[in-house]
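Respectively, the protein sequence lines represent chains L and B.
Read left to right, the first sequence gives residues -1 to 521 (the numbering used here).
Read left to right, the second sequence gives residues 10 to 624 (the numbering used here).
Using N, Cα and C, we set each Cβ at its ideal position, and we do this for glycine too.
Small disclaimer: the values here were computed from a predicted structure and weren't measured.
To start, the structure itself, in structure tokens.
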Amino acid sequence: MIASRQVSRRQFLRGSGGAVVGLPFLPSLLPASAEAAGPGGPPRLILMAERLGAYGSSMHGTMSDTLTNKMQLYPGHEIGWSNLNAVNAGGKATLSPILKANANTLTPALVKKMNVLRGFDAISWGGHNEGALGNLGGPPDKGAAIPSIDQFVGYSPTYFAASGKPVERAIVSGHDPKMNYNHQNPATRSAEMVGIRPTSDPGALFSKLFSQFTVPVAGNKPPVVDPKPAGKLVVDHVLDDYKFIRDNRRLSSADKRKLDAHMTMLLEVQRRAMGASGGAGIGAGPGCAKPGTPKGGGLPGRNPAGAVALYQSINDVIAAAMKCGITRVATVSNYGDAFTTFNGDWHSQSHASAGMDNSATQMFTDAYQTFFEGVFVDLASKLDTDEGAGRTYLDNSIMLWLNEHGAKDHGCHDVPVISFGGASGQFKTGMLIDYRNRATPAWTWAKKNNYYAGVPIHQMWTNILYSLGIPPAEWAKYSSGTPGAWGPCKVMQQPPTKLEVLPSHYVAGVLPGAANKLPVWWT
Amino acid sequence: MRSSKISQVVGVICLVASGCSGNIEHEPGKTGNSQGGGSGGGGTAGNNSTVSLPPLKDDTTVATTPTCSMANKPVSQEIRRLSVRQYRRTLNDLLTSALGDAAAGVQTKLAATIELIPDDAPARIGSDPHGTFRRLSQEVRADFVEGSYKVAETAADLLTAPDLLAKFVGSCATAMPVAADCTRAFVEKFGRRVLRHPLTAGEVDRYVSINANSGLKAVITALLSAPGFLYLLEHGDKAADGAADVFVLTPFEVASRLSYQFWDTMPDDTLWKAAETGSLLTSSGYAAEVERIFADPRTRDTMDMFFLDWLMLDELPKMDTLNADPEYKAFAGDALPSAKLTDDMAEELLSMGRHLTFNAPGTFNDLLTSDLVFPRSVELARLYGLSAAWDGKSAPPALAKGARPGYLTRAGMLASGMPRTRPVLRGALLRTKTFCEAIPPPPADAADEAEKVKDSIPAGASTREVTISLTEKVAASCKGCHQVFTNPLGFALEGFDGLGRARTVEKVLDSKGKLIKEVPVDTRAIPRVDIDDETTEVSGAGELVAVIAKDKKVASCFARNYVRYSNARVEDLTGDACALNLVTSGIDKGAKLPELFRSIALVPSFKLRTISVKD
């Protein structure tokens, strides 16, 4: 009965007798034989992003002063790299003022799974680029209508199929509403871009993901979700109602687009509710365990300890969802001001932190260090448990933490990128890789201020997509400037000033090469 | 930890300073009759939704928009999603309509599920970082789709429980499953109120068949998840004269327009009856319904929402945030704010709107110039130099005539919650929110410019002096705009401190709260309300407001905001000319606020819809 209903729905969606009714074709409706998921699935993607950012020297310290290896990325553009070595003192493992955590958590073994990646420039927008999750160019009102990476990956037909159609396409958590974006109709990647609100309540997140979840008896089996039979049917009835309206009532083209988007989302609700019977991910791994019900509630104001506790509860849910095959994509966003006790305007302080006011600089250093240790390292360590075949869940993931600002406040050079995990062995780890061209700085003012041109951050995102097995054809519609690169990879600053990026800052080859695999990083 | 003078002001600069080209643009509106809609005109985005629309290129204001005529075809606007507020109110009214007193129990049990749907956020328009009415957040949101579906499922469970089944469905429903005839009667009665139109036989049949296949719970869930419930579907009736794609709304669609305009909920029984009998289509019947609806207490709530979003009262800075800061403590003195003061400030402005709209109707000019204050707490009253709070019932107290006229000088519009005022921000808000003028974004090196001069600012400098140093004694890219567009307006308001208290002297404090210097406040300015007026000087807030009140763009800006709120989309200066001119001319003629607000329903296009099949 279910099968025939699904056929019926497909026919409805695609139109009968060749008459396309305009509703999207949903990859979730592909027959199972069309999928080609490997036994382990593609690497998981976990992104953490924070609005604003600390002064660059706090993030990177002096790490780049002792690079042991160098090579010419392009003629005239020398990059360097070396192994990461944390200094253990006072119970802390320290790489820089911000990259510092309890030595029992940030162990040498975990440091070997970490990378500090430097020299990625947000060339398509400065100031508040708001692109820390890859929606380069900022929100729609700033002109760049591309989704954030998590949404693109979650709705990628290739990635979704290879992942075994997990229940949740992408967890969106944290508390910055201007980080995650997707098309209003994500299945067809059409209609305007809309914001996706994060969930900052771990209780709500738990309820959404685990309320109907039962851990399977044997490991590595599809998770069991108790579908509501009535729920499956009701969505069909709503679709019938809409089809009647669409076919028989006067609607504008815009009306139809809007209602199509609604119905697509409703189908997604049903797909999730159907759980296992509709495909529910590669399956629960050996570490799968239903987490305890977390305490509900949102952020406790500007209270670092409270914020850490809350985000760690979110981490618990994310880690369990990853291990149980409920999802393979998650984001955690943060505006930044939850991790400080400062009572004033946090945005103003971000400017003052850029060397203008030492107390502000320290304040930002403390807040971002707290996030690094309490949230980023916390989730990495929670994922660093055995998944089989000698690898951990973390090993089979790529986990990134980005800030919005680059080396200086609101600057777009050297946006910090910290990673854990090697994307199932595809990336080398335990390294500082500095893609900045420190040998020949392109402009004197920047040199004086320790600014160096690197490579477009688009190249980093493009490499991430490569590692996830998503073919470039899928993101071609979002690629401009450099063919094949993710996003609008072109210098878009207006007006060009000393804080901005100019094409002349880059040696020949850098911008056209933004779709290339980054050397050194890949194994 | 401290909030330094520099960082306070630097932050302000970067929020509003301008990479000035020497031109000022009007806030994004549109010209031409293109596809509108909260999201239809451009992108929208989540909690801080955005509506990307081209800026108004010329300097036209509403006063010079095309004259209203029947040639002004209604703006093509995509169907409106119920706002989350409208959804909640509609669901409550629907249950009350069906269950009477018994609805309360269901409403209570449903509340937790409904609350999981986040409220709409004010939509951003173009470069305006502050947002506008939440009604404009028209994007299809996954949390709304999923949330409303869960609410529908939960409601179906509750409404088919043995204790409610017969009351909700009818005495024929003694137990589940419910017979077809019984279901039919239920669908005919309940379904039409859910879908807001009498159901056709085909529609009834479809829902009855759901019962046969899946049971009554599925019928209720499907109804409460239907597009016709969650969206204001308007298919229209016949084509309007002379326009193939403009349709006259059905009486039930008109009824919904009225109820959602003024109540944010479904039509009540009286309005439904007027649609059923056709009296709503007569001039007298329609006018009577508009009068009745506006007089209904529910309209007060909806007008509160207009004032709340227009004045951005949800975004007032928290007055008590800096209470532990020594400088702030010393600044506030015995007025160190409670956690409640911010809400009191917001409530006062809502009270002012209510008073002039409903209690003692006044004009738009009264809103700009009234000496009345509405402090509901002693704490707020003391900021105005009064000893007692207003009781909310008797005549509100009046301050000395002209001392701080109108809403623009109420504490909620002025207070920064900081030891220093924010003259740049005050000026920018006047430009954007009161004049509907857009300020270009800041130059990228704004902070660097400030950094260059910060060390040269003397310790005892007043806020005005600091602002001038940081914004006018720097590069032309900063100076050009600040000197003209924002600073003078803000300086004229320097007679009110960071808590909105009147002052003649500014006490300049260090970060420990130690008095550095007392500086007489200088409120003289050439405010350039009319940007071309380089000579009119004001001595302070009173004279500034007088200049503002005379400027026609202020009235037209108010009209634009109200039309925007009413239509849940950015106004189109051509397509909305009738509505805009009606409100603007009403202001010119001294019409009272209720008349202005009601007038939106009297525009011919209120009962029409353009339905374009072109992409």
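- For B/Ile88, there is no enclosing alpha helix (DSSP H), as DSSP marks it with neither H nor E.
- Nearest neighbour of L/Ile312 by Cα position, chosen from L/Ser331, L/Asp335, L/Gly299, turns out to be L/Ser331.
- Within the same chain, Cβ atoms closer than 7 Å to the Cβ of B/Arg413 are found at Ala511, Ala550, the five residues on either side in sequence being excluded.
- Chain L has a Cβ within less than 8 Å of the Cβ of B/Gly245.
- Here the region 39 to 48 of chain L makes contact with the region 363 to 377 of chain L; the two share three or more CB pairs at distances below 8 Å.
- Against chain B, the CB of L/Phe242 has a partner CB under 8 Å away; the residue lies at that interface.
- At a cut-off of 4 residues, the continuous stretches assigned as alpha helix (DSSP H) that sit fully inside the region 462 to 516 of chain B are 472 to 480, 485 to 490, 496 to 501.
- B/Leu524 counts as exposed, since fewer than 16 other C-beta atoms from the protein chains shown sit within 10 angstroms of its C-beta.
- Three or more beta-carbon pairs separated by less than 8 Å link the region 259 to 266 of chain L to the region 142 to 159 of chain B, which places the two stretches in contact.
- Contacts between L/Val236 and chain B, judged by CB atoms closer than 7 Å, involve Ala231, Ser234, Ala235 in chain order.
- Interface residue (Cβ-Cβ distance to chain B less than 8 Å): L/Gly342 is classified as such.
- Chain-order list of chain B residues neighbouring L/Leu466: empty, with the shortest C-beta distance near 22 Å, by a criterion of under 7 Å.
- Among the bridge pairs identified by DSSP, B/Lys526 is matched with B/Val517.
- According to the DSSP secondary-structure assignment, L/Pro454 is paired through a beta bridge with L/Asp119.
- Under the DSSP assignment, L/His181 falls outside any alpha helix (DSSP H), being part of the beta strand (DSSP E) whose first and last residues are 179 to 183.
- The secondary-structure analysis by DSSP pairs L/Ser154 with nothing; it has no beta-bridge partner.
- Residues of chain B with a Cβ closer than 7 Å to the Cβ of L/Lys488 do not exist, since the nearest Cβ in that chain sits about 17 Å away.
- Scanning the region 241 to 308 of chain B from its first residue to its last, the whole alpha helix (DSSP H) runs of 4-plus residues come out as 260 to 271, 278 to 286, 292 to 304.
- Residues Asp353, Glu356, Glu357, Ser360, Ala398, Trp399, Gly401 of the same chain have their beta carbon placed closer than 8 Å to that of B/Arg385, with the five preceding and five following residues left out of the count.
- In the DSSP assignment, B/Thr619 falls within the unbroken beta strand (DSSP E) covering 617 to 619.
- From the beta-carbon of B/Thr330, the residues of chain L found nearer than 8 Å are Asn341, Gly342.
- For a cut-off of 8 Å, the C-beta gap from L/Asn83 to L/Lys90 is around 14 Å, too long to register as a contact.
- Around the beta carbon of B/Arg533, fewer than 16 other beta carbons sit within 10 angstroms, so the residue counts as exposed.
- Membership of L/Glu266 in the alpha helix (DSSP H) is indicated by the continuous run 251 to 272.
- The beta-carbon separation of B/Asn576 and B/Gln86, rounded to 7 Å, stays under the 8 Å limit for a contact.
- In the structure shown, L/Glu76 adopts extended strand secondary structure according to DSSP, grouped into three states.
- Within chain L, no C-beta atom comes nearer than 7 Å to that of B/Ser347; the closest sits roughly 15 Å away.
- Look at L/Ser250: its C-beta is under 8 Å from a C-beta on chain B.
- Residues of the region 252 to 281 of chain B with a C-beta less than 8 Å from any C-beta of chain L: Phe256, listed in chain order.
- Using beta-carbon distances, B/Arg429 does not count as an interface residue toward chain L, since no partner is under 8 Å.
- Taking a C-beta distance under 8 Å as the contact criterion, B/Gly421 and B/Phe494 do not qualify as a contact pair.
- B/Ile448 has a beta carbon lying at 8 Å or more from every beta carbon in chain L.
- Taking the C-beta atoms as reference points, B/Leu508 is found nearer than 8 Å to B/Met328.
- Residue-level contact by beta carbon fails for L/Val453 and chain B, as no gap is shorter than 8 Å.
- Annotation for B/Thr230: the continuous alpha helix (DSSP H) segment containing it runs 225 to 233.
- Here B/Ala555 carries a helix assignment [DSSP, helix/strand/coil].
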